[in-house]
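2 protein chains.
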Amino acid sequence: MKTITSRDNPLYKELKHLATSSQARRKAGRTLLDGVHLSQAWLDMRGAPLQCIVSESALANPEVAGIVMRCENQHAHVTALPDALYNAVSQVEHGVGLMFLIETPASELPASLTVNAVLLDNVQDPGNVGSILRSAAAAGITQVFCSSGTAFCWSPKVLRAAMGAHFVVEIYENVDLASLIAPSKIAVIATSGYATQRVYDADLRQPVAWVFGHEGQGVADDLLSMATQQVVIPHLGQVESLNVAACAAVCFFEQVRQIQA
Amino acid sequence: MKTITSRDNPLYKELKHLATSSQARRKAGRTLLDGVHLSQAWLDMRGAPLQCIVSESALANPEVAGIVMRCENQHAHVTALPDALYNAVSQVEHGVGLMFLIETPASELPASLTVNAVLLDNVQDPGNVGSILRSAAAAGITQVFCSSGTAFCWSPKVLRAAMGAHFVVEIYENVDLASLIAPSKIAVIATSGYATQRVYDADLRQPVAWVFGHEGQGVADDLLSMATQQVVIPHLGQVESLNVAACAAVCFFEQVRQIQA
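Top to bottom, those sequences are chains A and B. Per our numbering, numbering through the first sequence is continuous, rising by one, with the last residue being 765. Per our numbering, numbering through the second sequence is continuous, rising by one, with the last residue being 765.
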């Protein structure tokens with residue numbers, strides 16, 4: 505374990521940069537995972553981080569000490585920071601004092617849609633994107649494609665909301681969704697409040713690419729018109745629509761129900 | 505329409521107090537609705553506000569002007585603020601410059617559970633509580649009971665996430681959930697990752713009181729043991745759990761599916 509005591513240390517400067525700038529994270533292809541849960545999930549699913557960063561006082565926490573030991577056993581770099589330096593980097597209030605520096609996983613875009621997938625068209629809110637990733641992972645969906653207008657998946661807020669789902673699904677960002685839908689071999693199903701077919705009546709026992717859209721405007725018209733089917737979640741109340749992450753969960757688990765039926 | 509130009513005006517002081525303090529909102533039994541959507545929903549569902557507050561520049565916005573006119577037609581008080589004063593009160597960045605001051609609706613606690621209801625035990629995150637209210641309203645559920653540890657429903661974040669659902673469901677806060685469950689005449693169903701019965705296999709064609717719990721710990725053990733049934737949402741992936749708002753949406757719309765089947 506190394507200790508950094510100077511704010512001029514290059515690694516410290518990199519951490520500070522990544523912690524505060526979404527652009528820096530995108531450009532470097534690196535991000536920070538904050539806290540025990542995400543770090544543990546990374547170790548379980550993806551192995552060693554580039555760096556395990558701990559505050560000096562966090563070393564007394566048995567959970568943190570356990571993760572540090574796992575990192576050292578895998579010959580990962582572990583760096584301790586005095587609490588004042590650590591706190592100046594952490595974006596989490598009352599955090600546990602542990603973060604991983606990782607390389608953002610990047611996969612080559614598949615040639616076509618062949619397995620259960622989610623396509624996010626301009627979904628703005630990081631909490632919604634994170635919740636959708638989490639629900640998708642729980643429903644066994646393994647591919648998520650995001651348009652350039654969708655919230656950056658490797659931001660701290662999305663990571664926190666997804667609770668480790670990032671590490672079990674393949675995430676593709678800045679994707680031209682129309683080019684992906686056009687040659688699709690599987691059903692592409694978009695949700696729309698104006699559709700007449702209920703999601704319960706669609707046959708979901710085959711692979712499906714689900715399309716969800718902007719919180720206010722929904723799925724863009726050009727993508728809607730390219731979809732194989734449009735479905736609606738029927739409402740019994742006076743409220744006009746569902747939150748997009750709630751809508752996605754209903755669709756994914758209706759598919760799980762049909763698969764298990 | 506009146507205009508306030510002094511920060512010492514009593515109404516202005518009240519607005520500032522309500523805008524910045526959750527405790528003040530609880531104590532006064534009043535809250536602020538920010539923006540066109542919530543204000544419109546209030547007018548549609550509940551009628552005139554105590555006060556309609558607009559920034560002077562917002563009066564040029566046709567949507568805002570339309571709402572001001574509806575308020576005046578209903579003899580509600582409309583107060584204009586110079587932009588500088590308005591912005592010092594608004595908690596929303598780049599807001600439209602419109603808010604309603606309202607009396608927080610309060611209903612007497614029903615003697616027992618008789619219709620579809622949601623019970624929230626220590627749900628912490630305002631976004632989750634808002635999303636659950638919104639899904640409940642869309643699924644036709646009309647009663648929501650919150651334990652004292654659950655996020656305050658009339659806070660700006662919960663209001664924003666629920667998109668007007670507050671005005672079509674009855675919300676009861678600081679409720680002793682155990683006292684409500686014990687004499688229940690209807691099925692009380694709690695979700696738990698350890699349950700063996702799938703939500704799809706529960707008979708949901710009768711009224712149900714759904715119980716959802718804390719984001720980390722789930723439903724408290726004493727409430728779990730009092731529930732008529734415990735159900736699980738089956739997972740096909742490697743992720744341990746769903747976000748509580750996603751979980752609620754799946755349950756509510758499985759009930760809608762069964763009712764419509």
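Heads up, the beta-carbon is just placed ideally off N, CA and C, and yes, glycines get one too.
Closer than 7 Å to chain B by CB, residue i
| i | result |
| --- | --- |
| GLN742/A | yes |
| SER635/A | yes |
| ARG638/A | yes |
| VAL679/A | no |
| ALA750/A | yes |
| GLY722/A | no |
| ALA642/A | yes |
| HIS670/A | no |
| HIS739/A | yes |
| PHE716/A | no |
Cut-off 8 Å between Cβ atoms - residues of its own chain near residue i, not counting five sequence neighbours on either side
| i | result |
| --- | --- |
| GLY533/A | GLU607, THR608 and ALA610 |
| TYR698/A | GLN734 and VAL736 |
Bridge-paired residues (DSSP) for residue i
| i | result |
| --- | --- |
| CYS556/A | VAL582/A and PHE604/A |
| TYR676/B | PHE649/B |
| THR695/A | VAL735/A |
| ARG702/B | VAL736/B |
| ARG664/B | DSSP output for ARG664/B lists no bridge partner at all. |
| LYS506/B | THR583/B |
| LEU537/A | PHE604/A |
| TRP714/B | VAL622/B and ILE693/B |
| GLY722/B | HIS718/B |
7 Å CB neighbourhood of residue i in its chain, flanking five on each side removed
| i | result |
| --- | --- |
| PRO586/B | THR509 and GLU560 |
| ASP629/B | ALA655 and GLU719 |
| HIS541/B | MET667 and GLY668 |
| LEU522/A | ALA528, ARG529, ALA532, ARG534, THR535 and LEU536 |
| SER652/B | ASN678 |
| ARG702/A | VAL735, VAL736 and PRO738 |
| ALA588/A | none |
| SER696/B | GLY722, VAL723, LEU728, GLN734 and VAL736 |
Contact test: residue i Cβ vs the ligand FAD heavy atom, cutoff 6 Å
| i | result |
| --- | --- |
| THR695/A | No copy of the ligand FAD appears in this structure; indeed no ligand is present at all. |
Nearest candidate by alpha-carbon position, reference residue i, set the options
| i | options | result |
| --- | --- | --- |
| LEU746/A | GLY570/B, GLY717/B and ALA750/B | ALA750/B |
| ALA516/A | LYS531/A, TYR590/A, VAL712/A and PHE656/A | In the sequence as presented, Ala is not what sits at residue 516/A; that position holds Tyr. Taking only the C-alpha atoms, the option nearest TYR516/A is TYR590/A. |
| ALA528/A | PRO687/A, PHE656/A and ASP707/A | PHE656/A |
| LEU617/B | ALA562/B, VAL679/B, CYS556/B and LEU637/B | VAL679/B |
| GLN721/A | LYS506/A, ASN626/A, ARG664/A and ALA621/A | ASN626/A |
| GLY634/B | VAL754/B, SER688/B, VAL748/B and HIS581/B | VAL748/B |
| ALA615/B | GLN710/B, SER683/B, SER543/B and ALA724/B | SER683/B |
| SER688/B | TRP714/B, THR700/B and ALA706/B | TRP714/B |
Under 7 Å between C-beta atoms of residue i and residue j
| i | j | result |
| --- | --- | --- |
| PHE757/A | LEU624/A | no |
| VAL735/A | ALA643/A | no |
| ALA545/A | PHE649/A | no |
| VAL712/B | ALA686/B | no |
| VAL593/B | LEU519/B | yes |
| SER639/A | ALA731/A | no |
| THR524/A | ILE557/A | no |
| ALA641/B | VAL743/A | yes |
| PRO660/A | GLN555/A | no |
| THR645/B | ASN620/B | Going by the sequence as given, residue 645/B is Ile instead of Thr. Result yes, Cβ atoms of ILE645/B and ASN620/B sit closer than 7 Å. |
| LEU681/B | LEU727/B | yes |
| LEU602/A | ALA665/A | no |
| LEU605/A | ARG574/A | no |
Below-7 Å beta-carbon distance, residue i vs any chain A residue
| i | result |
| --- | --- |
| ALA699/B | no |
| TYR704/B | yes |
| PHE649/B | no |
| VAL600/B | no |
| VAL760/B | yes |
| VAL754/B | yes |
| GLY631/B | yes |
| ASN747/B | yes |
Close Cβ partners of residue i (< 6 Å) along its chain, the five nearest in sequence each way excluded
| i | result |
| --- | --- |
| LYS506/A | THR583 |
| ASN632/B | VAL748 and ALA749 |
| GLN647/B | ALA621 and GLU674 |
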